Structures are given as structure tokens and as C-alpha cells.
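439 is the number that the numbering used here gives to position 435 of the sequence shown; each next residue is one higher, with no gaps. Idealized CB from N, CA, C, for every residue including glycine. Predicted model, so just to flag it, every value in this text is computed and none were measured. Step one of this worksheet: look at the structure below.
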Amino acid sequence: MFSNKEKFKEVFLNRLEMLCGKSFAESTSRDHYQTLGSMIREYVSNDWITTNERYMATKGKQVYYLSIEYLLGKLLRQNLLNLGIEEIIQDGLEDLGIDLSELEELEPDAGLGNGGLGRLAACFLDSLASLNLPGHGHGIRYKHGLFEQKIVDGYQVELPEQWLRSGNVWEVRKADLAVSIPFWGKVEAREENGRLVFHHLHAETVTAVPYDMPVVGFHSDTVNTLRLWSAEPAQFPIFKDILNYKRRTEAISEFLYPDDTHDEGKILRLKQQYFLVSASVQSILRSYRKQHGSLLHLHEHICIHINDTHPVLVIPELMRILIDDEGLDWDQAWHITKNTIAYTNHTTLSEALEKWPVYIFQPLLPRIYMIVEEINERFCHDLWEETPGDWDRIASLAIIADHFVKMAHLAIVGSFSVNGVARLHTEILKEREMKPFFLLYPEKFNNKTNGIAHRRWLLKANPKLSELITDKIGPSWTSRPHELIDLLKYENDNSVLQQLKNIKQENKQKLADFIYQQMGVPVDTSAIFDIQVKRLHAYKRQLLNVLHIMYLYNQIKDDPNFQMVPRVFIFGAKASPGYYYAKKIIKLINAVADKVNHDPRVGDRLKVIFLENYRVSLAEKIFPAADISEQISTSSKEASGTGNMKFMINGALTLGTLDGANVEIHELVGDDNIFIFGLTAEEVLHYYRKGGYDSIEYYHHDQRIRQVVDQLVNGFFDGVHNEFEPIFDSLLEENDQYFVLKDFASYVDSHRKVGEAFTDVQRWQKMSLNNIAHAGYFSSDRTIKEYARDIWGIQPLW
Ligand code: 26V
5 MFSNKEKFKE
15 VFLNRLEMLC
25 GKSFAESTSR
35 DHYQTLGSMI
45 REYVSNDWIT
55 TNERYMATKG
65 KQVYYLSIEY
75 LLGKLLRQNL
85 LNLGIEEIIQ
95 DGLEDLGIDL
105 SELEELEPDA
115 GLGNGGLGRL
125 AACFLDSLAS
135 LNLPGHGHGI
145 RYKHGLFEQK
155 IVDGYQVELP
165 EQWLRSGNVW
175 EVRKADLAVS
185 IPFWGKVEAR
195 EENGRLVFHH
205 LHAETVTAVP
215 YDMPVVGFHS
225 DTVNTLRLWS
235 AEPAQFPIFK
245 DILNYKRRTE
255 AISEFLYPDD
265 THDEGKILRL
275 KQQYFLVSAS
285 VQSILRSYRK
295 QHGSLLHLHE
305 HICIHINDTH
315 PVLVIPELMR
325 ILIDDEGLDW
335 DQAWHITKNT
345 IAYTNHTTLS
355 EALEKWPVYI
365 FQPLLPRIYM
375 IVEEINERFC
385 HDLWEETPGD
395 WDRIASLAII
405 ADHFVKMAHL
415 AIVGSFSVNG
425 VARLHTEILK
435 EREMKPFFLL
445 YPEKFNNKTN
455 GIAHRRWLLK
465 ANPKLSELIT
475 DKIGPSWTSR
485 PHELIDLLKY
495 ENDNSVLQQL
505 KNIKQENKQK
515 LADFIYQQMG
525 VPVDTSAIFD
535 IQVKRLHAYK
545 RQLLNVLHIM
555 YLYNQIKDDP
565 NFQMVPRVFI
575 FGAKASPGYY
585 YAKKIIKLIN
595 AVADKVNHDP
605 RVGDRLKVIF
615 LENYRVSLAE
625 KIFPAADISE
635 QISTSSKEAS
645 GTGNMKFMIN
655 GALTLGTLDG
665 ANVEIHELVG
675 DDNIFIFGLT
685 AEEVLHYYRK
695 GGYDSIEYYH
705 HDQRIRQVVD
715 QLVNGFFDGV
725 HNEFEPIFDS
735 LLEENDQYFV
745 LKDFASYVDS
755 HRKVGEAFTD
765 VQRWQKMSLN
775 NIAHAGYFSS
785 DRTIKEYARD
795 IWGIQPLW
């Protein structure tokens, strides 16, 4: 139906009438979107079925990626691009007077994630399918994704997100593949035929119904599956209070937890985790049994990868099935389980490491708890054999300690691979945060530096730049991103550099139009677009950025003739609803924006924009328009960052600390093509060991710092005196845990260098080109190939 545009139009018009029961004349844009979506899904279903049949027939090793988050964004345009039918459809629709971009706007973002971790999962799915690798995702079909953010009077307000309001054209409900998940109840051990058999009695059972979404590879026949589970009441509940039971059940897949602060004590979150794990494992084993029969060689044919510790209960769940249902003994089951599971760690921040109180865990998951207890006992026993009497070591490594289950410890002990997400991060894991585990199992630890789906973040998000690249080095960079390096041939080619500049300018204009339309603030597109978009966290230091803006404003205000390269500072950030401090920073950014943008003395020299509701589709408008990418976390704190890579591949220059993957960006582009400032990770860790540094001293000795810090509490920006007191206190009373004041001078200096470099247009464009040329390394195709080779042991099927 997509062989040519005439055929497409014919089928489209037919389908529209059938699906919507309207004539074309009466139909709305939404009808057009639904019709097109359903046609595309039908079009991929052939390849989808064939892909699954081939997986069944060839019996090659497969990987299942378990993640509590998938930040997919919109799928329409990406699917068209990957299928190679974008042009036919765009032209066909145009003939009918329909604008494809308008239909795209109607598609809601699938926002089933908080930030980097969820987006990484989505990028990985794209690369798996595009590399023809047998890899599928499992997740939860949250009815409401991450909250929608509104800014009201400078404050963040959260609204429930409603992505399923008009249905989801991409999914297929598979009610016949539903499975049951037991919670609560009690376990009874009975002796049957000479062995102990465990029965889970009086459980409250929930039905998990899968909704499958096709994951279409780029110009390949592979269509993998993202299976999202939805919680529904069991068909014949035996409870008296059915209404409450229904509510409790549906609550499991109602909301994505917006908190990436830790969720200690939240029963529903643990329920979600086990729900995902149990449903996924049952489904994986059902298809495995069909293919291979017995589970004895499971680990040779499948790998289950857990995205952080949220799905770590897959370890005891697999043990339970192998022992209770398959009748294997402990050692056999442990061997299989350990060799099936691989784990990625995404943070070293100790406050972010998951742990569950036993008083919640044990009653909710009684059989699973017994198994975790036994894993722990055996593990501690082995430690004791190794270092008898060393109680401190055992206590610090134990999986259950001080009445908590430590999920990261369970993940490390019960898996064959533990990886970090950037080189520095993995080193910190090995040398500090998880050192005792590294000494115990050095062979498990490895690094897999993150990557991004370059086809979404460059080919789709920045069509003009993509066209120029293809024009210069040919089209194969779309599948072989390392070929971007060929752009270096043009680093001294003035015409190419000029074209680069024109494209950036066009993209900046588009973003400026969007900003004007959203907020009514005009911005000067010849200014430096300096952008920080990411979740709001103290360690990411949006505060450092805003203090610097306050400092620039003070200079303008104190000296009306002050000369500076004009700048537009753009922010996008959601704060966890319960994260009081982060919300204060949002208010501060907006207060500063309000003052600066309305001060006639400032003119076009300085503008501050806070774009509300940062999400995947907004990000796609932002990255192509950036000159400067702000990656300014306190060194050692950001595991990797992936926004840094999205900026880079769109030609923005990084202004950053040597943290996360910035270290690798710096290594690739060299000192001349990046702006690095601030303490190194080693220096930060050194200060922590000494108990911090003396922030008051910096306050007293640097007038620039004193002025901006005082302005937090003297009503300068908002007319009241206590709004920003918590921020003031964090810097002085609490001794500035994130080294904001310590890095301030170095940050100011880097910004000065940015200004200088920007005035030399040719130099700037050359730096930009260098960044694009080296960004191929950060394609998630490269990352996924490394996972496939080093961890999963999977091969492309064709
Ligand atoms: C959780 C918490 C909770 C306590 C307060 C501080 C904090 C900071 C971060 C988190 C999130 C932990 C998991 C996560 O999302 N990690 C992110 O994973 C990305 C993909 O690997 C990576 O690029 C980001 O650097 C990392 O923060």
C-alpha cells in the first residue's frame, strides 16, 4: 500500500471511511492521524510476524531488556523514517491537503520515563532492531506517564499526563497471553514425594495483560517487540470487597513514579517492580519452553538484562520457578539464574540506591522473600569462609542488613555481568562505591559507555543538517555512524562551514519562533543559545548556571556600557513533585528571567527562558538550535549523561565538567573543541574525604559571589526575602555540598572563553564540525554492539 503515492492515497481514503465512518470532506486531522497510524501498524505486521517466526525457527540466543521506564516520545515520524516511506506518505498527504507535521503534533509523547534511564532504554530498542538483533523490551503500560509540567507564577505545577486519552495506534492488546501475579498470602511447605514443595496460599492475584508495540528497525526487515504490561483484576476474584480489589489492582499500572528520589517504603512501587518481573519472566519462559522444552540450558539461549535495580526481583523469581515449578535443586537453579541475568548500574549516588524494608517486602512477596533470604545466607556463608570473623565486611556486603533488602547487592551477586554507563562511572564503581564487590568478582565488572539513537536525534530531529552531511559524505552514516568522522575533510572548507552556520541559524530561528509563540518573549537569534535541559537535581547544578546569569545581569546593571556577546539562556527541567529544593531552583530561574527579560537596560544582551514541560518531542526542537551545551554537574556525580551526546551530534559545543561521558567527549574532540572547567572527580572525592570545603570563605573573598548570594535573600529578584532562603542556606549553612561556589570562578572564566570563541565565526564553525564528526562514537548502535558482543553473546539473525 506504500509502493507509490497514488496507491497510498487510494488505500488511505478507503481506510479513512471504514475506520471513522465519515467521508473525507467531514474528516478531522485526528481521523487522519488514526487512519495513517493504523495503516502503518498493519504494514509492519507482516515483518513483525516473520521476525518472530525466524526467532522461533533459528533458536539463536535472544535478549530481553527489562526496564521500569521507556521514554519513547512520538513514534509516527520515526517509524516512517525507519520504514523508508516518509517521502511517499508526505507527498501523498500533501496531495490531499494534509500536512504530515500537523498530524505529528497530534500524537502524544509516550512519556513512560523520568529522564536519561528511560530514554536510554528507548534508544537501545531502536538500535537492537536496526542492527537486526534479537532483543525485546518488557515494561509497564502506565496509564499516566510522567506528569505534565505547567509553570504558574514561576512555580512548577504538575498535571496528570493522559497519553492514552485517544487510544494508542501502535499497540496490540494480547488478552490471550495474560498471566497471573500473586501478592500477599502465605507460604506453606509440604513434603511431597520426598521433597519439600512450597505452596503460596491465600494470595491476592492480579492479571497482567500484555500490550505489544512493534519496534521497527531502520531500513531492515526486523520488527522486534516492546511488551508493556497492564494490571487488571483477575476474572473471578474471590474477595468480598471487589471494588477495593479492583482499585488496588488497577493502581499498579496507573502511574509512573515521578520520583527519582528514592522510594523507600512505597508499597506500590515494590508491587510495580514484582508485577513487571513476574509477568515478563512468565512470558519469556512460555515462549522458551515452546522453543526448547526444558529450562536446563536457559542461560545458553537467553539473557535477561536489568536496567538498574528496579527489575532485580527477576533473580529470586527465576529461582522460584526453577526450584518450585521445575523441581531443580538450589545449585542447578542458581547456576542457571546467575548466568542468565546481567545488570546495568546507572548511579553511584548512595541516596539513590534502592533498598526495601523487610517489613514491607516480606508480607507482600512471601515466597520471593524466602528465596532472597536464602541467597543472602549462602552468600554470607561464602564470605565467612573466605574471611572468618570479619563481621564488618559481611555486614557491609550482605544483601539483607539492618532490616533492609539492598537491591544493588542482590543484582551483583545474582548476575554474571555488572556494567557502568561511562568510563569514569565504571571506574568509580570499581574503585570506590562497589569496591568490595569488585574485589570479590572482578570478572563481572565492565563498562559500556552510553549512546543515543542518532537516527532520532540527528536524522529525524535535524533534517537540514542531515541533508548537508549526506551531501558531503554520502548516506551510509545513518547505519554506520562512525563515518561521520569523514566530515573532518571539510574542517577548513569555508563553504561547508558557512552552510553549517546557516543551518544552525535556521534551527535557532525555529526555536525562537516557538519561544515567542509559547511565551511571548522575543529572542535575538544572533545571540549565543546556551542551553541546559535535563531533570532538576542539586547535583546537576542548574544553580551554578543561574548564579552566573545573575552575575552577568549585575554587570550590565552596574555598567550600562558593559560589552558582552549576547546570550539567550534556555532551561528545561522537571523537578520531582516532592523535591522541595529543586522546585525552589525552578522558581529562582523564573524570577531571574522575569527581572532580566523586563529590564530595558538589558536589551538584547541577555534573555532567560524557562521552557515548560520538557519532554522528548520538545527536546527534538531544542538540540538542533543549541550553540552551547551546559553539562555542569559536580564531577563524579553524573553517571554518564546522554543529553551531552545529543547536543554534540547537533553541533553544539560542550561547556562542562570532567564528569560522566563528558570525559570521553573531551578525549575525542580535544581541548580545542570543548570548554572544560571546575574540579575533577578526584578533587571532589578528595574534598569529601576531608569533610568538604569552606564555602563561607569563597563568599567572603569573591565579591561577585557575595553579591549574587546576597541577592537570594535581599528580595532583589522577587521582592520577598525568604523565598530562596533554602538555596542560600544550602550554599552557606550547609557548606555547599555540590561545590557551586568553589567552581564559580572557573565557570565564569569558561563563559568568557565561550564569548571570545563565538565572535570568531570560522573558528566556532570548525569546532562545531569537529564535534559532529566525532559524535559517531556516541551512537547507541556502537553501545548495543558492545553489549551484544561482550555481555549478551547474541548475533544478528540475518
Ligand atoms: C536518583 C536520585 C535519587 C536521589 C537523589 C539523587 C538522584 C540522582 C539520580 C537518580 C537516578 C538514578 C538512575 C538514573 O536515572 N540514572 C541516569 O541514567 C542515565 C542513563 O544511563 C545516565 O545518563 C545519567 O547520568 C544517570 O543519572
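In this structure the segment 554-563 does not lie against the segment 514-522, because fewer than three pairs of beta carbons, one per stretch, are closer than 8 Å.
Taking K359 as reference, the option from T430, Y791 and T313 with the minimal CA-CA separation is T313. Contact between A656 and I632 holds, with the beta-carbon distance rounding to 6 Å and staying under 8 Å.
D113 is classed as buried because its beta carbon has at least 16 other beta carbons within 10 Å across all chains shown. A distance below 7 Å separates the beta carbons of H778 and V673. Its Cα nearest to that of L107, the residue R34 stands out among A133, L274, V173 and R34. If the five residues before and after S783 are omitted, its C-beta is found closer than 6 Å to the C-beta atoms of G455, H458 and P485, all from its own chain and listed in chain order.
Assignment of Q160 by DSSP, reduced to helix, strand and coil, places it in the strand class.
Contact check for E634 against N549 passes: the beta carbons are separated by less than 7 Å. By the neighbour-count criterion, in which a residue is buried when 16 or more other Cβ atoms sit within 10 angstroms of its Cβ, T391 is exposed.
Note that the C-beta distance between V316 and I308 is not below 7 Å.
Apart from the 5 residues on each side of it in sequence, F151 sits with its Cβ closer than 8 Å to the Cβ of E162, L163, P164, E165, P262, K578 and P581 in its chain, given in chain order.
At a cut-off of 4 residues, the continuous stretches assigned as alpha helix (DSSP H) that sit fully inside the segment 430-460 are 439-444. DSSP, read as helix, strand or coil, puts L610 in strand. In the structure shown, the three-state DSSP call for D534 is strand. For secondary structure counted as the alpha helix (DSSP H) over 4 or more consecutive residues, the segment 5-80 holds these complete runs in sequence order: 9-24 and 33-62. Between the ligand 26V and the CB of G143, the shortest heavy atom gap is not smaller than 6 Å. Between the ligand 26V and E642, a heavy atom-to-CB distance of less than 6 Å is present. For T638, the shortest C-beta to heavy atom distance toward the ligand 26V is 6 Å or greater. Put simply, of F614, P570, K599 and Y583 the residue whose alpha carbon is nearest the alpha carbon of A761 is P570. Between the C-alpha atoms of S640 and N617 there is a straight-line separation of about 28 Å. Under the DSSP definition of a beta bridge, A179 lacks any partner. Under the three-state reduction of DSSP, S184 is assigned to strand. In this model, I340 and H413 are separated by some 19 Å (Cα to Cα). Between L801 and P138, the gap from beta carbon to beta carbon is short of 7 Å. Residue range R199 to L205 is occupied by the beta strand (DSSP E) that includes F202.
Judged by DSSP secondary structure, G139 falls within the beta strand (DSSP E) whose first and last residues are G139 to I144. Residue pairing from DSSP places G576 in a beta bridge opposite V537. Boundaries of the alpha helix (DSSP H) around S282: I271 to H296.
If you draw a straight line from the Cα of K26 to the Cα of V667, it is about 57 Å long. Here M60 has Q295 as same chain residues with Cβ atoms under 7 Å from its own Cβ, once five neighbours each way along the sequence are excluded. CA-CA distance, L689 to Y742, rounds to 11 Å. The straight-line gap separating the alpha-carbon atoms of D216 and T229 is approximately 6 Å. Per DSSP, E634 lies in no alpha helix (DSSP H); the unbroken beta strand (DSSP E) holding it starts and ends at I632 to Q635. Exclusion of V620 from the 6 Å shell around the ligand 26V follows from its C-beta lying no nearer than that to any non-hydrogen atom of the ligand. The C-alpha of L610 is placed about 12 Å away from the C-alpha of F566.
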